[in-house]
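Trainee:
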Amino acid sequence: MSTANTEIAAAPRVHYLNAQYGVKSWLLTTDHKRIALLYLGSITLMFFVGGSAAVLMRLHLIEPQGALVQPETYNKLFTMHGVVMIFFFLVPSIPAVLGNFLVPMMIGARDLAFPRINLLSWYIYIIGSLFTLYAIVSGGVDTGWTFYTPYSSTYAHTQVIATALGVFITGFSSILTGLNFVVTIHKMRAPGLTWFKMPLFLWAMYATSIIFILGTPVLAITLFLLALERLLHVGIFDPALGGDPLLFQHLFWFYSHPAVYIMILPGLGVVSELITCFSRKKIFGYTFVAFSSMAIAVLSFLVAIPSAIKVFNWTATLYKGSISYQAPMIYALGFIGLFTMGGLTGLFLASLATDVHLNGTYFIVAHFHYIMVGGAVMAYLGGIHFWWPKITGRMYPDMWARIAALIIFFGFNLTFFPQFMLGYLGMPRRYAVYPAEFQVLNVMSSAGASILGIGYLIPLIYLIWSMRYGPVAPSNPYHAKGLEWQTPSPPPTENFEEVPVVTEEAYAYGSEEGAHA
Amino acid sequence: MHDAAAHSYGLAHHFEDIEQQHEAGNLGMWVFLVTEIMFFGGLFAGYAIYRAEYLPAFEAGSRLLDIQLGATNTAVLIGSSLTMALAVHAAQTGKRNAQVFFLLLTMVLGATFLGIKYVEYAHKWEHHLVPGLRFAPDEMLKPGTSLPNVQLYFCFYFFMTGLHALHMIIGMGIMAVLTRMAWKGRFHSGYYAPVEVSGLYWHFVDIVWIFLFPLLYLIGGRY
């Protein structure tokens, strides 16, 4: 790729971070890179809000009779954990932070197609978050993150309306982000960047955006109906008034099943970037990986095959690659293992005979945490590390990053592997108490959760530290391919000094002499 | 000279040229309309399911609507789509006075629609047909009609027409901004994207009504 590559000059270079100063320059920015950082801050906050609920739950479950809170509080804790983590962390995490930063950079554009709508989406996210945080501090909500009727509509006496409105509002931020990505990828690619030369991260973002666009409005209208039903006491979902609670479930899962792929598809995209870069190889089967993203977006219910295609292609990419174990790669390898386990245990739940035994147990909890935490969060952290030098212009301490990645991997498995066994032995999910014979496995899980918690705190500390004290990052510290590495770190406000022209395919690793330093 | 100034007025910094910006804006609006279809789609799905389940009650509810007002509104709205299309045409050909005239006419027709809708809502309130708040239409229904199911019909009537009316109000706000821009002579053959994409939105809102009118007003077998 033939762009001008400027080395960092000795004099302070003007880039997007120091182009303007002051609170106003951030809160009114339309620069996609700054908006990505706004999202990074708010999403990190929500992650630790949701995480603290998980910590309290695991502490509570150390003893069979419950060590910490009342059963009602326990119900509120798992609801808060689910709502915050899914709607305010996992769904927006990679698209709104990394996607916002990278989509224009990777296609060689100066910004997303609609910068002001992009800023609007962040404000909508903040308003939605405030609604939900208000619901938490004003008494909480105990319906579970699925808000199933008739419990949520008729029986629950908690803050259902505020929480549902929070999720309703934040949905529009996803819709606007998805709209922005679709238009940007369609219309603003740099000269020469054809669809099949795009990095696979962009394919993943495109597929995710399609689900945002098609799924989220249905969730929005469903939660809106739920809120109206509670407010006006009309019976859309109330059997006593002619309504049907199952309709809520059908409409809810029209969004929430594809939402699983909203949460995992971006992670699949990140891992494709990391695996190729750290094995110095072109991705194996580019078109298969690209189309498997689209297949997941379109089919959405036959995900085992496209997911397997990706895992096999990554493995084939690693084969005979020159692999280096830098921190992002450790996250990526962890992702592959945990995602595979999460996926395969999903098959147990998709076949009738085993599902009868495992349905509603901790097996399910462990299964989706392997996908959502072992998969999506690992990919998110891997991506944050990988692009951190580009985002901040500073290197993170690699040794600490590797240690943290390993602690997270270990803590995660200690937390959730025992839950597979608990579920297999028959411990139901969502209970504040359990029979004494399950205590050993529960204590193991809680111990793992505290290790995991520490694992998440370490990057928070050293990443913030590195913004000031980290070594200055070169424009391409990993000798990676892709347009975003051909511009200085951090990039100028306009991203590129001149519009790049793309001549080679994605992931043209192997011709190392062509790489920029 | 004039052309160059107007060109730079419309072009945002991150687009290469006005054509790219135009295409992006158009595609953006189409994608937005897809989300709108899904948004209304949830309501249409709920309506379809309950109508299949409780057809007699839905027909009874439909008979309590005023077909004449509904039909008038349909005509008004289709008329507003015509004036909107003419406004887009005026923008493309750079006729400033025609732009302002047709945009104002579209707003007048939109306001007429909302006025008639208001009259209908007021009637429903008088006749105790507002679900949850004021619902007791016993004497207006044949004996044996399930009251909760009729209320379900009116839930969908109010949710769907209310959401539609909200879209109309937003559309009229957009129209007001466009009128101001048109008055200042901002639109010409080289730059008319805002009028065009707003036109797409307005036509979409119109089409939603084209579906709502028969589904809500005409299922009672009165015509």
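Taken in sequence, the protein lines are chains A and B.
Under my numbering, the first residue of the first sequence is numbered 1, with each subsequent residue one higher.
Under my numbering, the first residue of the second sequence is numbered 1001, with each subsequent residue one higher.
Just so you know, even glycine gets a beta-carbon here, dropped at the ideal spot from N, CA and C.
Note that the structure is predicted; figures quoted are calculated from it, not measured.
(1) Which residues in the same chain have their Cβ closer than 7 Å to the Cβ of K1124 of chain B, if we skip the five residues on either side of it in sequence?
(2) Could you pull out every residue in the same chain whose Cβ sits closer than 6 Å to the Cβ of S1146 of chain B, ignoring the five residues on either side in sequence?
(3) Hey, does I94 of chain A have any beta-carbon neighbour from chain B nearer than 8 Å?
(4) Please find out if some non-hydrogen atom of the ligand FMN comes closer than 7 Å to the beta-carbon of V91 of chain A.
(5) Taking the DSSP output, what are the residues bridged to F1135 of chain B?
(6) Could you tell me whether any Cβ in chain A is nearer than 8 Å to the Cβ of L1011 of chain B?
(7) Excluding sequence positions up to five away, which residues of its chain have a Cβ less than 8 Å from the Cβ of G510 of chain A?
(8) If contact means a Cβ-Cβ distance below 9 Å, which residues of the segment 1042–1074 of chain B contact chain A?
(9) Output the distance between the C-alpha atoms of G128 of chain A and V1197 of chain B, rounded to the nearest integer angstrom.
(10) From this set, A:M444, A:R189 and A:S293, which residue's C-alpha is nearest A113 of chain A's C-alpha?
(11) If I measure Cβ to Cβ from F224 of chain A and keep anything under 7 Å in the same chain, skipping five residues before and after, which residues do I get?
(12) Do the segment 448–459 of chain A and the segment 397–413 of chain A touch if we need at least three Cβ pairs shorter than 8 Å?
(13) Please report how far the alpha carbon of Q249 of chain A lies from the alpha carbon of L226 of chain A, in whole angstroms.
(14) Which same chain residues, not among the five before or five after K1117 of chain B, have their C-beta less than 6 Å away from its C-beta?
(15) Can you tell me which residues form a DSSP beta bridge with R394 of chain A?
(16) Given a limit of 7 Å on CB to CB distance, which residues of the segment 282–307 of chain A reach chain B?
(17) Any C-beta of chain A sitting closer than 8 Å to the C-beta of G1028 of chain B?
(18) Does the count of Cβ pairs from the segment 73–80 of chain A and the segment 51–60 of chain A closer than 8 Å reach three?
(19) With a CB to CB cut of under 6 Å and the five nearest residues on each side skipped, what residues in its chain are close to F172 of chain A?
(20) Quick one: is R34 of chain A near chain B, going by C-beta distance under 8 Å?
(21) For T361 of chain A, I'd like the list of residues in its chain whose CB is within less than 7 Å of its CB, leaving aside the five on either flank, ordered along the chain.
(22) Under DSSP, the alpha helix (DSSP H) around R58 of chain A begins and ends at which residues?
(23) Comparing C-alpha positions only, which one of A:I185, A:L231 and A:R230 sits nearest to I210 of chain A?
(24) Give me the Cα-Cα distance between P115 of chain A and L37 of chain A, rounded to the nearest whole angstrom.
(25) Among the residues of its own chain, which have a CB less than 6 Å from the CB of Q20 of chain A, if the five just before and after it don't count?
(26) Give the straight-line distance between the Cα atoms of R1229 of chain B and M1181 of chain B, rounded to the nearest whole angstrom.
(27) Measure the C-alpha to C-alpha separation of L299 of chain A and T287 of chain A and round it to an integer number of angstroms.
(28) How big is the Cα-Cα spacing for F335 of chain A and F291 of chain A?
(29) Any beta-carbon of chain A closer than 8 Å to the one on P1194 of chain B?
(30) Is it the case that the segment 1059–1075 of chain B contacts the segment 1149–1156 of chain B, given that we only count it when at least three CB pairs across the two stretches are under 8 Å?
(31) Can you give the Cα-Cα distance for R1222 of chain B and F1211 of chain B, rounded to whole angstroms?
(32) Does the beta-carbon distance from G411 of chain A to A332 of chain A come in below 8 Å?
(33) Threshold first: 4 residues or longer. Then list the alpha helix (DSSP H) segments lying entirely within the segment 254–317 of chain A, N to C.
(34) Check whether the Cβ of R189 of chain A lies closer than 8 Å to any Cβ atom in chain B.
(35) Name the residues in the segment 13–30 of chain A whose C-beta lies less than 8 Å from a C-beta of chain B; which are they?
(36) Give the DSSP-derived three-state secondary structure of Y206 of chain A in the structure shown.
Mentor: In terms of the structure at hand:
(1) V1130
(2) A1057
(3) no
(4) You won't find the ligand FMN in this model; it holds no ligand whatsoever.
(5) B:L1129
(6) no
(7) R280, K281 and K282
(8) G1042, L1043, A1045, G1046, I1049, Y1050, E1053, Y1054 and A1057
(9) 28 Å
(10) A:R189
(11) F168
(12) yes
(13) 11 Å
(14) A1165
(15) A:V472
(16) none
(17) yes
(18) yes
(19) I124
(20) no
(21) G423, G426, M427, P428 and R429
(22) H32 to H60
(23) A:I185
(24) 14 Å
(25) none
(26) Outside the shown range of chain B (1001 to 1223) lies residue 1229 of chain B, about which nothing can therefore be said.
(27) 17 Å
(28) 20 Å
(29) no
(30) yes
(31) 18 Å
(32) no
(33) 286–298
(34) no
(35) none
(36) helix
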